[in-house]
Amino acid sequence: MYQGKVKWFNNAKGYGFIVEDGCTEDLFAHFSSIQMDGYKTLKAGQSVMFEKQPSNKGVHAVNIQSAEVAQNQVANLDDEVISVEEQAAPSIAAVSETSSNIEEAKAPIM
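FYI, in this note's numbering the residues of the sequence shown are 818 to 927.
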């Protein structure tokens, strides 16, 4: 995803433009590409995260989200990954016990 700021957005017309951080090109932003509940709108100067989609009229910003909301989603995903890794990683004691069991199974029966 890319990050940028809303240049302007006209609620009555349902569109506006976003400028990607570090760039000067205006990206078209249509209200239908805004990912939020309720009334879909943007405010001039608002930080947003988005994806780019080429079109015959230039590049459009799609999957537009408030930068704050997008960063919270990433943080939540990071927490989920850490939780899964903690659950999946065997403890040292469990690995040692498994190794001991394997060695015992290899020992000849007398």
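Backbone N, C-alpha and C fix where the C-beta goes; we use that ideal spot for every residue, glycine too. Since the model is a prediction, treat every value here as computed from it, not as a measurement.
Alpha-carbon to alpha-carbon, residue j and residue i
i: residue 818; j: residue 869; result: 8 Å
i: residue 861; j: residue 871; result: 23 Å
i: residue 882; j: residue 874; result: 22 Å
i: residue 828; j: residue 851; result: 12 Å
i: residue 858; j: residue 880; result: 13 Å
i: residue 840; j: residue 886; result: 23 Å
Proximity of residue i and residue j at Cβ, strictly below 7 Å
i: residue 822; j: residue 849; result: no
i: residue 825; j: residue 833; result: yes
i: residue 820; j: residue 843; result: no
i: residue 878; j: residue 867; result: yes
Reference residue i; option with closest CA among the options
i: residue 846; options: 854, 852 and 835; result: 835
Min CB distance residue i to chain B below 7 Å
i: residue 877; result: Protein chains in the displayed structure number just one, and chain B is not present.
Residue i burial status per 10 Å Cβ neighbour count (16 or more: buried)
i: residue 853; result: exposed
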